[in-house]
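This report refers to the structure that appears directly beneath it.
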Amino acid sequence: MGRRYGEDVLAGDWRRHRAVPEVDAEPDLVVEDADSGFCGAVVGFEAGAVVLEDRHGRRRNFPLLPAAFRLDGEPVTLRRPTRPPVPAARRRTASGSIAVEGVRAQVAKASRIWVEGVHDAALVERIWGDDLRIEGVVVEPLDGIDALDAEVRAFAPGPTRRLGVLVDHLVPGSKESRIVARVDSPYVLVTGHPYVDVWQAVKPAALGIRAWPVVPPGRPWKEGVCTALGVAEPADMWRHILSRVDSFADVETPLINAMERLIDFVTEPG
């Protein structure tokens, strides 16, 4: 009976027993090293090895071994093209990252990024959507952060279930800073920007105005902005704002820094 089903199919080096396709390592082809999990685009060759560059600009060399890489999740053998590779023009995403061509969005990870509302989520998607789909990170809007500590406990963060939170108006002495101080999990990173609302994180120049209107204390900020700019409804103003944002160049640096920190934090290996 011990030999009825032959040898253990999991024993030994399975790569030698499975025929895998050979693929030319063309410039910008995105593959994953099967052993280390390093994922990057082909940018050249050195001493018989292929050079891969990841979304952060880090480069590593990998030998062209049989079945040493994965393409769209399937094992492949990379080979150096017979003709000299011609570097392709590098497309950039709206966030400024090098675009990863020909790769599908990953299945969503357990880690999440929370933002305060639907406007924040839409702006994050407009700029960082490509990066987040490649990383398999979902952005979820909250209805404010008043109950943030309780919602964090319910999320149950851990080493492979990290949580990043983007908070509006995160400045010393603010209500938001006091709420954030109650969150103390090492698997949660809360960061934010100093603007009253995420609208204000969009550069005035992108909207064709010299500066955001000053709204008197005690008056709802969005309604005050709309009145000052002659817009009837906040929904109309928001559609106009979002339509004028094409890339990270249209938003203020504190928002960019906050989001980059959150993405790095939630994608850090457990």
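Position 206 of the sequence shown, counting from 1, maps to 206 under our numbering, and the rest follow consecutively.
The C-beta atom is built at its ideal place from N, Cα and C for all residues, glycine as well.
Reduced DSSP secondary structure (H/G/I, E/B, other) of residue i
i, result
"R60", "strand"
"W114", "strand"
"A68", "coil"
"W238", "helix"
"L170", "coil"
"L29", "coil"
"D246", "coil"
"A49", "strand"
"V198", "helix"
"L142", "coil"
"V214", "coil"
"E165", "First, the residue type needs correcting, since residue 165 is Val and not Glu in the sequence shown. DSSP places V165 in strand when its eight states are reduced to three."
Limits of the beta strand (DSSP E) - the one that residue i falls within
i, result
"E135", "Not the beta strand (DSSP E): E135 falls in the alpha helix (DSSP H), residues V118 to E135."
"T77", "E74 to R79"
"D149", "No beta strand (DSSP E) holds D149; the alpha helix (DSSP H) holding it covers L148 to F155."
"G40", "C39 to E46"
"T191", "V188 to G192"
"P21", "Looking at the DSSP string, P21 is not in any beta strand (DSSP E), and its letter there is neither H nor E."
Short Cβ contact (8 Å threshold) for residue i with residue j
i, j, result
"H193", "L170", "yes"
"V215", "V231", "no"
"A67", "A121", "no"
"E176", "V167", "yes"
"F62", "L52", "yes"
"L132", "L242", "no"
"R261", "T191", "yes"
"D54", "V42", "no"
"P157", "S185", "yes"
"V137", "I263", "yes"
"A206", "R244", "yes"
"L64", "R79", "yes"
"K196", "H119", "A small correction: the amino acid at residue 196 is Val; Lys does not occupy that position in the sequence shown. No. Outside cutoff."
Reference residue i; option with closest CA among the options
i, options, result
"V20", "V76, H56, A47 and R58", "V76"
"V202", "L52, P254 and A235", "P254"
"P269", "S36, H119, P141 and I241", "S36"
"P81", "E32, A49 and G57", "A49"
"V23", "A150, F69 and W114", "F69"
"R153", "L64, E74 and R182", "R182"
"V180", "R210, D149 and A205", "D149"
"F38", "R60, A25 and E26", "R60"
N- and C-terminal bounds of the alpha helix (DSSP H) containing residue i
i, result
"V225", "W221 to L229"
"P254", "T253 to V266"
"E176", "K175 to V180"
"A205", "P204 to L207"
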